[in-house]
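**Student:** One line per chain: the protein sequences are A and B, in this order. Just so you know, we're using the working numbering here: the first sequence kicks off at 1 and counts up by one. Just so you know, we're using the working numbering here: the second sequence kicks off at 1001 and counts up by one. Please see the structure below; I have some questions.
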Amino acid sequence: KQEVTQIPAALSVPEGENLVLNCSFTDSAIYNLQWFRQDPGKGLTSLLLIQSSQREQTSGRLNASLDKSSGRSTLYIAASQPGDSATYLCAVDCTGTASKLTFGTGTRLQVTL
Amino acid sequence: GAGVSQSPSNKVTEKGKDVELRCDPISGHTALYWYRQSLGQGLEFLIYFQGNSAPDKSGLPSDRFSAERTGGSVSTLTIQRTQQEDSAVYLCASSERQYNSPLHFGNGTRLTVT
């Protein structure tokens, strides 16, 4: 059974810092990995999707990497801003036939002024 | 354009009552998913619809839970004889295609069973 772990569970950084969020998964037989952010009381917003054949994806200040063989992904946020404060979730798709994702429990990020 | 819409946003019900939760996906998205987010348990897959295919119900926790998707668009998740452990946020998502397509989530329905 696939298990997804995110460390740390919570993180507080001052504005402007670069930071890395970590995601690990136990079964490397994945089809893709997605990173989401969730604001309080809201649904999830898709940030980046990395297919199993890819090593990284970039969107603006965000860069996600994937090392499938070691079961790890990182989300790098450059020049953090208070608006980046949210919970960040990673999720893996192990089925290949449907996006039936297995989610991590998230990292709660606070960017302070 | 419009995102995934869910209603109601909040629902409080008494134990034993039935509830219906509604999801209106993004127009043109062929795939629709229901997930449940419980405090301390993360997100849990419930059910998946793809086009006109039979739904994947493998995540439904009991036979009190059912869902349908009419006309390939709007979906309704029904919970019969609600229990306190059903209290959670129920999230609906849709995606443009079946494979390697980002999920777009609604804001969820917060269900509280008293």
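No residue lacks a Cβ here, since even glycine has one placed at the ideal position from N, Cα and C. Source: prediction; values computed, not measured.
1. In three-state terms, what does DSSP make of residue 1020/B?
2. So that I know if they touch, is there some Cβ in chain B lying closer than 8 Å to that of residue 71/A?
3. Check the Cβ-Cβ distances between residue 1108/B and every residue of chain A, and say whether any is below 8 Å.
4. Can the beta-carbon of residue 106/A be found closer than 8 Å to that of residue 34/A?
5. Quick one: does residue 1028/B have its CB under 8 Å from some CB of chain A?
6. Any C-beta of chain A within less than 7 Å: which residues of the region 1041 to 1065 of chain B qualify?
7. Here's a check: name, in chain order, each residue in its chain whose Cβ is nearer than 7 Å to the Cβ of residue 1059/B, leaving out the five neighbours to either side.
8. Between the C-alpha atoms of residue 41/A and residue 1107/B, what's the straight-line distance to the nearest angstrom?
9. At least one CB of chain A closer than 8 Å to the CB of residue 1102/B: is that the case?
10. Is residue 1025/B helix, strand or coil by DSSP?
11. Residue 5/A CB to nearest chain B CB: under 8 Å?
12. Restricting to runs no shorter than 3 residues, where is the beta strand (DSSP E) found entirely within the region 41 to 79 of chain A?
13. Going along the chain, which residues of the region 41 to 58 of chain A sit with their C-beta nearer than 7 Å to a C-beta in chain B?
14. Are residue 27/A and residue 90/A closer than 8 Å when you measure CB to CB?
15. Any idea if residue 1012/B is buried or exposed, counting beta-carbon neighbours within 10 angstroms, 16 or more meaning buried?
**Tutor:** On the basis of the coordinates in this document:
1. In the second sequence, the residue the question calls residue 1020/B occupies position 20. Here residue 1020/B carries a strand assignment [DSSP, helix/strand/coil].
2. As a working note, residue 71/A is residue 71 in the first sequence. Answer no: the Cβ-Cβ gap between residue 71/A and chain B never drops below 8 Å.
3. In the second sequence, the residue the question calls residue 1108/B occupies position 108. Judged by the 8 Å Cβ criterion, residue 1108/B is in contact with chain A.
4. The count along the first sequence starts at 1 and reaches residue 106/A at position 106. The count along the first sequence starts at 1 and reaches residue 34/A at position 34. Not closer than 8 Å, so no.
5. On the second sequence, residue 1028/B is found 28 positions in, with the first residue counted as 1. Residue 1028/B does not count as touching chain A.
6. So the close ones are 1042, 1043, 1045, 1048, 1050, 1056.
7. Your numbering for residue 1059/B matches position 59 in the second sequence. Around residue 1059/B: 1044, 1045, 1046, 1047.
8. Numbered from its first residue, the first sequence carries residue 41/A at position 41. Numbered from its first residue, the second sequence carries residue 1107/B at position 107. In a straight line, the C-alpha of residue 41/A is about 7 Å away from that of residue 1107/B.
9. Against the second sequence, residue 1102/B aligns to sequence position 102. It does: the Cβ of residue 1102/B has a partner Cβ on chain A nearer than 8 Å.
10. In the second sequence, counting from the first residue as 1, residue 1025/B sits at position 25. Judged by DSSP in its simplified three-state form, residue 1025/B adopts coil rather than helix or strand.
11. Here residue 5/A refers to the residue found at position 5 of the first sequence. Judged by the 8 Å Cβ criterion, residue 5/A is not in contact with chain B.
12. Taken in chain order, the complete beta strand (DSSP E) segments of 3 residues or longer contained in the region 41 to 79 of chain A are 44 to 51, 56 to 59, 62 to 67, 72 to 77.
13. Listed in sequence order: 42, 43, 44, 46, 49, 51.
14. Counting from one through the first sequence, the residue named residue 27/A turns up at place 27. Counting from one through the first sequence, the residue named residue 90/A turns up at place 90. The answer is no: Cβ separation not under 8 Å.
15. Within the second sequence, residue 1012/B is the residue found at index 12, counting from 1. An exposed status is given to residue 1012/B, since fewer than 16 other beta-carbon atoms sit within 10 Å of its beta-carbon.
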